[in-house]
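> The opening residue of the sequence shown carries number 0 in numbering that gives the first Met the number 0; numbering runs sequentially from there.
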Amino acid sequence: MHDLAVREPGHASDAPVTHGVSLAMEGISKRFGGAVALEDASVRLRPGTVLGLCGANGAGKSTLVRILAGVEQADSGRILLDGREVRIDSPRAATALGLSFVHQELNLVPKFTGVQNLALGHSASRLGLVDERRVRARAAEVADMLGHPLVLDVPVDRLPVAERWMLSLARGLMRPAKVVALDEPTASFTEEEAERLYAVIEQLTGNGVGLLYISHRLEEVLRVTDDICVLRNGRLVGTFESDTLDVHTLTRHIAGREVESIESQGPTHPPGERVRLAVRGLSRAPLVNGIDLDLHEGEVLGIAGLVGSGRTELARLLIGADAATSGTVVLDGEPYAVRSPHEAIRRGICLVPEERRSQGLVLSDSIEDNLQMAELGAARRGAALFRPRSARRVSRSLIKRFGVKARSSRDPVHSLSGGNQQKVVLGKYVRTEPRVLILDEPTVGVDVGARADIYRIIGDLAASGCSVLVISSDFDELAICHRVVVVRAGTVVASVERTAATKNRLTELCFTPIDEQETS
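(1) How is alanine 500 classed by DSSP in three states: helix, strand or coil?
(2) By Cβ distance below 6 Å, which residues in the same chain neighbour histidine 102 in space, the five residues on each side in sequence not counted?
(3) Give the secondary structure of isoleucine 348 by DSSP, where H, G and I count as helix, E and B as strand, and everything else as coil.
(4) Let me know if lysine 464 comes out buried or exposed under the rule of 16 or more other beta-carbons within 10 Å of its beta-carbon.
(5) Kindly give me the distance between the Cβ atoms of glycine 113 and isoleucine 87, rounded to whole angstroms, as I take these residues to be in contact under 8 Å.
(6) What is the residue span of the beta strand (DSSP E) that tyrosine 428 lies within?
(7) Closest by CA to alanine 314, which one among Val485, Leu350, Arg409, Asp226?
(8) Is there contact between the region 188-201 and the region 159-176, where contact requires at least three CB pairs shorter than 8 Å?
(9) Would you give the residue range spanned by the alpha helix (DSSP H) that histidine 247 belongs to?
(10) If we count the other Cβ atoms within 10 Å of its Cβ and call it buried at 16 or more, is asparagine 116 buried or exposed?
(11) Kindly give me the distance between the Cβ atoms of arginine 170 and threonine 94, rounded to whole angstroms, as I take these residues to be in contact under 8 Å.
(12) In whole angstroms, what is the alpha-carbon distance linking serine 389 and glutamate 374?
(13) Taking 8 Å as the CB-CB limit, is alanine 58 close to chain C?
(14) Distance, Cα to Cα, alanine 142 vs valine 199?
(15) Do you know how far the Cα of arginine 455 is from the Cα of valine 447?
(16) Kindly list the residues whose CB is nearer than 8 Å to the CB of valine 403, restricted to its own chain and excluding five residues on each side of it in sequence; keep chain order.
(17) Using 8 Å as the threshold, is the C-beta distance between lysine 110 and aspartate 74 below it?
(18) Enumerate in chain order the residues of its own chain whose CB-to-CB distance from aspartate 245 is below 7 Å, with the five nearest sequence positions on each side excluded.
(19) Measure the beta-carbon distance from arginine 482 to serine 471 and round it to whole angstroms, keeping in mind my assumption that it falls under 8 Å.
(20) Taking threonine 62 as part of the beta strand (DSSP E), name the residues at either end of that continuous run.
(21) Would you mind giving the Cβ-Cβ distance between isoleucine 457 and leucine 317, rounded to the nearest angstrom? I have them listed as a contact below 8 Å.
(22) Below 8 Å between beta carbons: does that hold for phenylalanine 239 and isoleucine 253?
(23) Quick check: the Cα distance between glycine 82 and isoleucine 213, rounded to an integer number of angstroms?
(24) Roughly how many angstroms lie between the CA atoms of phenylalanine 510 and valine 485, to the nearest whole one?
(25) In this structure, what does DSSP give as the bridge partners for valine 299?
(26) Along the alpha helix (DSSP H) that carries methionine 144, what are the first and last residues, could you check?
(27) Could you check where the beta strand (DSSP E) with aspartate 225 kicks off and where it finishes?
(28) Skipping 5 residues on each side, what residues in its chain have a beta carbon closer than 6 Å to that of asparagine 56?
(29) If you follow the alpha helix (DSSP H) that alanine 461 is part of, which residue opens it and which one closes it?
(30) Shortest alpha-carbon distance to valine 49 belongs to which of Leu203, Ser394, Asp291?
(31) Tell me which residues share the same chain as valine 236 and place their Cβ nearer than 7 Å to its Cβ, disregarding the 5 neighbours each side in the sequence.
(32) Check this for me: beta carbons of leucine 300 and leucine 468, under 8 Å apart or not?
(33) How big is the Cα-Cα spacing for arginine 132 and aspartate 152?
(34) Roughly how many angstroms lie between the CA atoms of leucine 119 and alanine 138, to the nearest whole one?
(35) Using CA coordinates, which residue listed in Leu210, Gly307, Ser89, Met24 is at the minimum distance from arginine 487?
(36) Smallest Cα separation from serine 325: which of Val287, Pro269, Lys399?
Below you can see the structure in the form of structure tokens.
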């Protein structure tokens with residue numbers, strides 16, 4: 000631990016000490032055009048410890064990591080490893096120095112298998128060719144360390160997000176490393192998978208490896224880190240010993256203000272009596288097996304369950320991405336059976352997908368173009384032809400309504416922070432005026448401020464009569480819902496009212512044998 004509980008930046012006595020420090024980044028500044036991403040930021044990481052990097056989306060965390068990874072170059076400042084200044088002008092240089100990265104964006108090649116992705120950049124070679132046998136042997140060692148089998152012979156784009164994360168993490172551990180940076184490592188993990196990751200962290204730090212840990216799950220950050228650096232608007236707020244903080248205090252440092260509890264951010268109106276969506280016996284084996292549920296007009300209904308319980312597969316059935324083998328769906332009293340997401344949008348059901356960057360956005364296109372895509376791809380039921388000028392006005396109105404922080408609606412969407420990207424995905428579907436909006440992991444990788452904005456948007460939509468399904472692995476988040484149903488083995492096993500839907504209760508229901516379940 001440091002000898003002070005908090006060190007505010009900007010004092011001569013606070014100059015970073017690099018003796019015995021695995022990593023020091025001193026006075027790092029970076030601008031993109033006229034926008035300041037980092038301003039004189041300094042962080043230090045000692046061997047065998049975990050340093051948390053916390054801040055709102057756009058605070059500079061990812062830019063700092065990208066500079067360390069050699070993806071971006073700092074305008075000023077320096078980087079030291081073991082007290083020696085180093086130049087990191089490419090990802091290859093970072094790897095050669097013993098720096099390893101698991102990025103939030105999951106930098107895997109979608110059409111490559113797991114073993115092909117693990118082989119990328121791997122040193123195991125024979126006559127200039129990758130020695131797959133050696134790659135598989137090392138992958139087996141990493142899998143043993145993770146306590147989780149790796150799917151090696153299936154193309155990555157056919158794997159669930161959690162399995163992709165395991166592969167991305169494994170890829171970062173294929174080479175020995177002095178420093179490992181983890182960006183939102185448990186975003187799609189169950190609690191059991193997260194526990195395995197914590198054990199890996201203990202193993203790595205026990206071997207002297209230093210870890211940079213970036214996550215918006217603040218309880219998790221406080222649990223696994225020794226120290227926490229808080230960034231706000233590209234500047235260092237301070238470096239704190241983790242055991243001197245609690246979630247409330249850390250949240251205040253990140254936001255620069257008090258932030259409401261999740262419970263207080265839920266909808267204030269009761270759901271309507273009218274059933275908007277009635278699902279009966281919906282099935283597609285092996286993951287969806289006879290799901291029954293009712294969603295009322297203006298209701299925010301949570302869906303809790305472990306990875307593999309059938310939550311996302313249910314959403315895909317409802318938007319026609321997959322075809323049900325049996326069961327019925329009724330939408331506003333009329334039979335509902337669609338064969339594509341475009342047809343679902345025309346009927347009034349939209350899905351905001353779990354992985355926004357690969358499934359919800361075209362990153363190279365502008366904010367404005369992304370906001371128009373759902374309308375372009377499937378004209379609204381009974382609506383007139385698409386009109387570009389009118390669409391542009393609607394896009395700019397949505398940017399303002401949802402508080403998307405951007406210099407221009409023509410900015411590429413990849414230039415936005417994660418929270419603002421998520422608002423764009425939401426806006427894309429909200430502009431189609433859905434009757435049912437399905438949100439799969441709506442706040443993954445989103446900071447506390449943007450998360451509050453998204454909860455407000457959900458509440459406003461429900462108050463206007465839209466019915467909302469919220470699928471989330473973060474059971475605390477489901478406190479914004481009127482009611483929560485628990486899905487296990489592809490069927491609904493319990494329905495819990497808001498007042499009883501605590502994290503402990505939902506977790507218990509996810510693991511309790513089905514014949515012992517009861518509705519509460």
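C-beta: ideal position from N, C-alpha, C; glycine also.
The structure says:
(1) In this structure, DSSP gives alanine 500 a state outside helix and strand, which the three-state scheme calls coil.
(2) Excluding positions up to five away in sequence, the list reads Asp182.
(3) When secondary structure is reduced to three states using DSSP, isoleucine 348 falls in the strand class.
(4) Sequence inspection shows glycine at residue 464; the lysine mentioned does not correspond to that position. Around the C-beta of glycine 464, fewer than 16 other C-beta atoms lie within 10 Å, and the residue is accordingly described as exposed.
(5) Contact doesn't hold; Cβ gap of about 28 Å is too wide.
(6) Careful: tyrosine 428 lies outside any beta strand (DSSP E), inside the alpha helix (DSSP H) at 417-429.
(7) Ranked by how close their Cα comes to the Cα of alanine 314, the residues Val485, Leu350, Arg409, Asp226 have Leu350 in first place.
(8) The region 188-201 is in contact with the region 159-176.
(9) Under the DSSP assignment, histidine 247 falls in the alpha helix (DSSP H) whose first and last residues are 246-254.
(10) Within a 10 Å sphere around the beta-carbon of asparagine 116 sit 16 or more other beta-carbons, which makes this residue buried.
(11) The pair is not a contact, with the Cβ atoms about 11 Å apart (cut-off 8 Å).
(12) Between the alpha carbons of serine 389 and glutamate 374 lies a gap of roughly 12 Å.
(13) Looking for chain C here will not work: only one protein chain is present.
(14) It is roughly 11 Å from the alpha-carbon of alanine 142 to the alpha-carbon of valine 199.
(15) Taken atom to atom, the span from the alpha-carbon of valine 447 to that of arginine 455 is near 12 Å.
(16) The residues are Ile366, Leu397, Leu415, Asn419, Lys422, Val423, Gly426.
(17) The answer is no: Cβ separation not under 8 Å.
(18) Excluding positions up to five away in sequence, the list is empty.
(19) In fact, because the Cβ distance is near 14 Å, the residues do not count as touching under 8 Å.
(20) Taken as a continuous stretch (DSSP letters only), threonine 62 belongs to no beta strand (DSSP E), being part of the alpha helix (DSSP H) at 60-67.
(21) About 18 Å; that fails the 8 Å criterion.
(22) No; because the gap between Cβ atoms is not below 8 Å, this pair is not in contact.
(23) C-alpha separation (whole angstroms): 24 Å.
(24) Rounded to whole angstroms, the separation of the alpha carbons of valine 485 and phenylalanine 510 is 10 Å.
(25) Looking at the DSSP assignment, valine 299 forms a beta bridge with Val467.
(26) Residues 131-145.
(27) No beta strand (DSSP E) holds aspartate 225; DSSP gives it neither H nor E.
(28) Excluding positions up to five away in sequence, the list reads Ser416, Gly417, Gly418, Asp446, Ala449.
(29) Per DSSP, the continuous alpha helix (DSSP H) segment holding alanine 461 begins and ends at 447-462.
(30) Proximity to valine 49 across Leu203, Ser394, Asp291 peaks at Leu203, based on C-alpha coordinates.
(31) Within the same chain, valine 236 has close Cβ partners Val229, Leu230, His252.
(32) Yes, these two residues count as a Cβ contact at 8 Å.
(33) Taking the straight line joining both Cα atoms gives about 13 Å.
(34) CA-CA distance, leucine 119 to alanine 138, rounds to 12 Å.
(35) Arginine 487 has its Cα closest to that of Gly307, out of Leu210, Gly307, Ser89, Met24.
(36) Ranking Val287, Pro269, Lys399 by Cα distance to serine 325 puts Val287 first.
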